[in-house]
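Q:
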Amino acid sequence: KQEVTQIPAALSVPEGENLVLNCSFTDSAIYNLQWFRQDPGKGLTSLLLIQSSQREQTSGRLNASLDKSSGRSTLYIAASQPGDSATYLCAVKRKGNFNKFYFGSGTKLNVKP
Amino acid sequence: ETGVTQTPRHLVMGMTNKKSLKCEQHLGHNAMYWYKQSAKKPLELMFVYSLEERVENNSVPSRFSPECPNSSHLFLHLHTLQPEDSALYLCASSQGASGETDTQYFGPGTRLTVL
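Okay, structure coming up:
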């Protein structure tokens, strides 16, 4: 069974700081790993998708890496802003059941002005 | 309208009521999903439909009944719910393909409160 863990559960940083969110998964047989952002009471918005054959993806101030062999991914946020405050979730799409995505519990980020 | 829409956005119901949640996707996807999100818990997958056929049912109580009349619409029928069923219910869709690029697109959710 695939289990996804995110550390830390919550993070509070001052504006401008660079930060790293961590995601780990137990089964390396995955199609892809995705990072989402969720604002309070809202749906999830996709930030970055890393295919299993890729090592990283970048979008603006966000950079996500994937180490499939060790079952780890990191989301790097550069020069954090108050608008980055949200919960960040990672999800993996496991091979063998292509209709199923496994989610972590998320990291709740607060960026203080 | 584009993306994934959900109605209603908020719902308050008594334990003896019957109500339905609606989800519609305008992305031409083949798979649709219902998730439950409770406070401080991971997203819980409830149901998956692929090409209108239910392919996953994660041991969800029978008081939740899904319906997928076509590939664009998904319903969740609710009856005799319990207060612990109060949560944010999220709908998502994806191409449903086996490839590496398949990703899920989420609706805004329905905030359900059971009194």
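For the record, the sequence lines run as chains A and B.
Residues in the first sequence are numbered from 1 upward in steps of one, following the numbering used here.
Residues in the second sequence are numbered from 114 upward in steps of one, following the numbering used here.
Virtual Cβ for every residue (Gly too), placed ideally from N, Cα, C.
#1: Got a sec? Which residues, its chain only, sit under 7 Å from A/Thr-26 by beta carbon, not counting five neighbours each side?
#2: Output yes or no for whether 8 Å exceeds the beta carbon distance between A/Ser-85 and A/Glu-15.
#3: Alpha carbon to alpha carbon, how far is A/Leu-44 from A/Gln-38? Give it in angstroms, no decimals.
#4: Using 8 Å for Cβ pairs, my map puts A/Arg-55 next to A/Ala-78. What's the rounded Cβ distance?
#5: Determine, for A/Leu-49, whether the minimum Cβ-Cβ distance to residues of chain B falls below 8 Å.
#6: Alpha carbon to alpha carbon, how far is B/Thr-129 from B/Leu-201?
#7: For B/Ser-133 and B/His-186, what's the separation of their Cα atoms in angstroms?
#8: Chain B beta carbons: is any one of them nearer than 8 Å to that of A/Tyr-31?
#9: Can you give the Cα-Cα distance for A/Thr-74 and B/Thr-193, rounded to whole angstroms?
#10: So that I know if they touch, is there some Cβ in chain B lying closer than 8 Å to that of A/Gly-71?
#11: Judging by CA-CA distance, which residue of A/Asn-18, A/Ser-24 and A/Leu-19 is the nearest neighbour of A/Phe-103?
#12: Count the C-beta pairs between the stretch 168–188 of chain B and the stretch 211–227 of chain B that are closer than 8 Å, then say yes if the count reaches three, no if not.
A: This is what the structure holds:
#1: Gln-2, Glu-3 and Gly-71
#2: no
#3: 5 Å
#4: Actually they do not touch by this definition, with Cβ atoms about 18 Å apart.
#5: yes
#6: 20 Å
#7: 13 Å
#8: yes
#9: 42 Å
#10: For A/Gly-71, no Cβ of chain B is located within less than 8 Å of the residue's own Cβ.
#11: A/Ser-24
#12: Short answer: they don't touch.
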